[in-house]
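**Student:**
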Amino acid sequence: GNDPSGWHTYGGYEGPWIENVWIQHFREDLWTHYRQDPAVKLRSLFGPYVPLFIPWLDLMMRSDWKYPPGFVAILKKHLRPDVPYITVSQNDEGIVLKCQEGLLMHELPNILVLSSGGYGHVAIPLLKAQQ
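Just so you know, the sequence shown maps onto residues 599 to 729 in the numbering used here.
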């Protein structure tokens, strides 16, 4: 199920999930604060990586376990192959969805995926609630 916040619900937990916390903490809290200072650059927070603040699992669950129509094509069109990206995925299949959507890890080798299911580059804990 979904709730008005955009977070999905599962197993009695209504979020926020690890993706939502990543987006809230880094994009909405830290970056919103730091970007007001012209001396602070995005690399001050993420090193060489450009963060992708995408709620992967929420998108999938709102679209019956698929990405919204056109999402993958738009993503591939706008990501530059010479730029390293970083993202967090709650999904146990990372960002690829059993490869159903044409989003394959080997096609996007410049996205560093931190995944709760371990499918990506860095495994992170799969948490159901904030600890």
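We put the beta carbon where it would ideally sit given N, CA and C, even for glycine.
Since the model is a prediction, treat every value here as computed from it, not as a measurement.
1. Does the count of Cβ pairs from the segment 640-656 and the segment 615-631 closer than 8 Å reach three?
2. Among residues of its own chain, excluding the 5 on either side of Leu702, which ones have a beta-carbon nearer than 7 Å to its beta-carbon?
3. Ordered along the chain, which non-local residues of its own chain (more than five positions away) have a Cβ less than 7 Å from that of Gly715?
4. In three-state DSSP terms, what is Thr630?
5. From the DSSP output, in three-state form, read off Val694 for me.
6. For Thr607, which of Arg625, Met658 and Leu628 has the nearest alpha-carbon?
7. Where do the ends of the beta strand (DSSP E) carrying Leu701 lie?
8. Write down the C-beta distance between Leu710 and Ile684 rounded to the nearest angstrom, noting that I regard them as a contact closer than 8 Å.
9. May I ask you to report which of helix, strand or coil DSSP gives Lys671?
10. Beta strand (DSSP E) containing Val686: first to last residue?
11. Does DSSP put Ser713 in a helix, a strand or coil?
12. With a cut-off of 8 Å on the beta carbons, I'd call Pro666 and Asn708 a contact; round off their distance for me.
13. Going by C-alpha distance, which of Arg660, Gln634 and Arg625 is nearest Val648?
**Tutor:** This is what the structure gives:
1. yes
2. Residue mapping note: residue 702 aligns to position 104 of the sequence shown, counting from 1. Only Val694 meet the Cβ criterion.
3. In the sequence shown, residue 715 corresponds to position 117, counting from 1. Asn689, Asp690, Glu691, Gly692 and Leu724, listed in sequence order.
4. Within the sequence shown, numbered from 1, the residue matching residue 630 stands at position 32. The three-state secondary structure of Thr630, taken from DSSP, is helix.
5. Walking along the sequence shown from the start, residue 694 turns up at place 96. Looking at Val694 - three-state DSSP - the assignment turns out to be coil, as it is neither helix nor strand.
6. For the purposes of this step, residue 607 is identified with residue 9 of the sequence shown, where counting begins at 1. When only C-alpha atoms are compared, the closest one is Met658.
7. Translated into the one-based positions of the sequence shown, residue 701 becomes position 103. From DSSP, Leu701 is part of no beta strand (DSSP E); its letter is neither H nor E.
8. Residue numbering aside, residue 710 sits at position 112 when the sequence shown is read from its first letter. Residue numbering aside, residue 684 sits at position 86 when the sequence shown is read from its first letter. Ile684 and Leu710 do touch by the CB rule: their CB atoms are close to 5 Å apart, below 8 Å.
9. Working through the sequence shown from its first residue, we reach residue 671 at position 73. Per the sequence presented here, residue 671 reads as Ala, with Lys not at that position. Residue state, collapsed to three classes: helix.
10. The residue you call residue 686 lines up with position 88 of the sequence shown. Looking at the DSSP string, the run of the beta strand (DSSP E) that includes Val686 is Tyr683 to Ser687.
11. Here residue 713 refers to the residue found at position 115 of the sequence shown. If DSSP states are grouped into helix, strand and coil, Ser713 belongs with the strands.
12. Here residue 666 refers to the residue found at position 68 of the sequence shown. Here residue 708 refers to the residue found at position 110 of the sequence shown. Between Pro666 and Asn708, the beta carbon gap of about 23 Å keeps them out of contact (Cβ cut-off 8 Å).
13. For this step, residue 648 is matched to residue 50 along the sequence shown. The residue from Arg660, Gln634 and Arg625 with its alpha-carbon nearest to that of Val648 is Arg625.
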